[in-house]
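Peer 1: Protein chains in written order, with our numbering: chain A, 73 to 182; chain B, 326 to 437. Quick one: the structure is below, questions incoming.
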Amino acid sequence: EDQVTQSPEALRLQEGESSSLNCSYTVSGLRGLFWYRQDPGKGPEFLFTLYSAGEEKEKERLKATLTKKESFLHITAPKPEDSATYLCAGMDSSASKIIFGSGTRLSIRP
Amino acid sequence: DAGVIQSPRHEVTEMGQEVTLRCKPISGHDYLFWYRQTMMRGLELLIYFNNNVPIDDSGMPEDRFSAKMPNASFSTLKIQPSEPRDSAVYFCASSLGNQPQHFGDGTRLSIL
């Protein structure tokens, strides 16, 4: 069964304290790995797509990487406005349906 | 550009009542997805459409749930009769082919 698992469930950091979020997946015929950000009361907002092992994408303080079994979202020198839930999702071989992980709630203290 | 538009944003109703959630996808997108989000189960795919045709409804919990897409710019998710365990946030998303999905801001549904 296709599955996406994220860890940790919650992470509290001090402003400026860098860290990484993990997403491990078992999705047959993975066609893409997505990262989304979700703020309270809002829908998930697309951040990155990764298609193949070794690929990296960056946006401001965020960098996403992909291996054959997992993906990481690295956060460098985070700010309070980076506080949100970060969701990882894998696209299966149908190339249309994606399976979401349960998310990591990130809190950045000033 | 207008994003995915969902209505209503909030719905509170009593058990047994019919509930209809509405979604307008992004113009030109050919896929539409309905999700349900709860603290316990996270974000679950209920059903998705391609070119207005339902492709996979295996996530629909039971026969009380139904979804339609009469045209490319409108979809509904209906629950009849509603039960307290249906309380959740329901999201609609759309995409073009296998490009990333774009989400609406959801409907927060409370069944009393």
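The beta-carbon is built from N, C-alpha and C at its ideal position, and this holds for glycine as well. Only a predicted model underlies this, so the values are computations on that prediction, with no experimental measurement involved.
By the three-class DSSP mapping on this structure, what secondary structure does Asp-411(B) have?
Peer 2: helix
Peer 1: Can you list the residues of chain B that Ile-147(A) reaches, using a CB-CB cut of under 8 Å?
Peer 2: Result: empty, since nearest Cβ-Cβ is about 20 Å, beyond 8 Å.
Peer 1: So Ser-91(A) and Leu-83(A) are in contact, right, with Cβ under 8 Å, and what is the actual spacing, rounded?
Peer 2: 6 Å
Peer 1: Are the segment 124-143 of chain A and the segment 329-343 of chain B in contact at 8 Å, needing three or more beta carbon pairs?
Peer 2: no
Peer 1: Could you tell me which chain B residues have their CB closer than 7 Å to the CB of Pro-116(A), listed as they occur along the chain?
Peer 2: Phe-428
Peer 1: Please name the residue in Glu-117(A), Lys-151(A), Tyr-158(A) whose C-alpha comes closest to that of Ser-143(A).
Peer 2: Tyr-158(A)
Peer 1: Using alpha carbons as the reference points, say which of Leu-119(A), Lys-169(A), Ile-170(A) lies closest to His-146(A).
Peer 2: Ranking the options by Cα distance to His-146(A), first place goes to Leu-119(A).
Peer 1: Please report how far the alpha carbon of Tyr-123(A) lies from the alpha carbon of Leu-138(A), in whole angstroms.
Peer 2: C-alpha separation (whole angstroms): 8 Å.
Peer 1: Mind listing the chain A neighbours of Gly-353(B)? Cutoff is C-beta to C-beta under 7 Å, in chain order.
Peer 2: What Gly-353(B) touches in chain A: nothing, since even the nearest Cβ is about 16 Å away.
Peer 1: Are the segment 352-369 of chain B and the segment 411-428 of chain B touching, with three or more C-beta to C-beta distances below 8 Å?
Peer 2: Flag = yes, the segment 352-369 of chain B and the segment 411-428 of chain B touch.
Peer 1: Report the partner residues of Gly-104(A) according to the DSSP bridge assignment.
Peer 2: Met-163(A)
Peer 1: Please determine if the segment 162-174 of chain A and the segment 147-154 of chain A are in contact, where contact requires at least 3 C-beta pairs separated by less than 8 Å.
Peer 2: no
Peer 1: Going by other Cβ atoms of all chains shown within 10 Å of its Cβ, with 16 needed for buried, is Ser-514(B) buried or exposed?
Peer 2: In the structure displayed, chain B extends from 326 to 437; residue 514(B) sits before or after that span and is not available.
Peer 1: Quick one: is Pro-425(B) buried, meaning 16 or more other Cβ sit within 10 Å of its Cβ, or exposed?
Peer 2: buried
Peer 1: Ordered along the chain, which non-local residues of its own chain (more than five positions away) have a Cβ less than 8 Å from that of Asn-396(B)?
Peer 2: Asn-377
Peer 1: In whole angstroms, what is the alpha-carbon distance linking Arg-347(B) and Arg-109(A)?
Peer 2: 23 Å
Peer 1: Using a Cβ-Cβ cutoff of less than 7 Å, which residues in the same chain neighbour Ile-190(A) once the five nearest sequence positions on both sides are dropped?
Peer 2: Shown here, chain A extends from 73 to 182; a query on residue 190(A) therefore has no answer.
Peer 1: Got a sec: which bits of the segment 343-367 of chain B sit with their beta carbon under 7 Å from any beta carbon on chain A, in order along the chain?
Peer 2: Tyr-356, Gly-367
Peer 1: Determine which residues share a DSSP beta bridge with Glu-130(A) and list them.
Peer 2: Lys-135(A)
Peer 1: Out of Glu-73(A), Pro-112(A), Asn-94(A), state which residue places its alpha-carbon closest to the alpha-carbon of Ser-79(A).
Peer 2: Asn-94(A)
Peer 1: What does a CB cutoff of less than 6 Å around Gly-162(A) pick up in its chain, not counting 5 residues either side in sequence?
Peer 2: Val-76, Tyr-97, Val-99, Leu-102, Leu-105, Ile-171
Peer 1: Does Thr-121(A) get closer than 8 Å to chain B when you measure Cβ to Cβ?
Peer 2: yes
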